[in-house]
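So in the working numbering, the last one in the sequence shown is 300, and the numbering has no gaps at all.
Take a look at the structure below.
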Amino acid sequence: MTTHEAREQIAVIHPAGRVMELRRQGHDILTHWTKEPNAQGHMHRVAKYVLLSRKGVQS
């Protein structure tokens with residue numbers, strides 16, 4: 242999920258802050274940087290977050 246998607250789809254105003262909280266709780270989250278247009282077509286550098294594993298969940 243990108244920062245834009247988090248804000249628009251699940252109403253997380255500060256995605257980076259929430260990801261930091263989750264990492265402190267032990268979740269393994271990868272950050273991939275990319276560029277995407279916003280609603281007005283302006284390109285912005287955004288993070289795409291990928292949950293690799295959740296604390297306490299074995300695969």
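Every residue gets a Cβ at the ideal spot worked out from N, C-alpha and C, and that includes glycine.
All of these numbers come straight from a predicted model, not from anything done at the bench.
- Inclusion of H285 and N279 in the CB contact set at 7 Å is warranted, their separation being smaller than that value.
- C-alpha of H283 to C-alpha of K289: approximately 18 Å in a straight line.
- Looking at the backbone, the Cα of R265 and that of M242 are separated by about 19 Å.
- A straight-line Cα-Cα distance of about 11 Å links H255 and E249.
- Between Q281 and T275, the alpha-carbon positions lie close to 17 Å from each other.
- The beta strand (DSSP E) runs of length 3 or more contained entirely in the segment 245 to 282 are, from start to end of the chain, 269 to 278.
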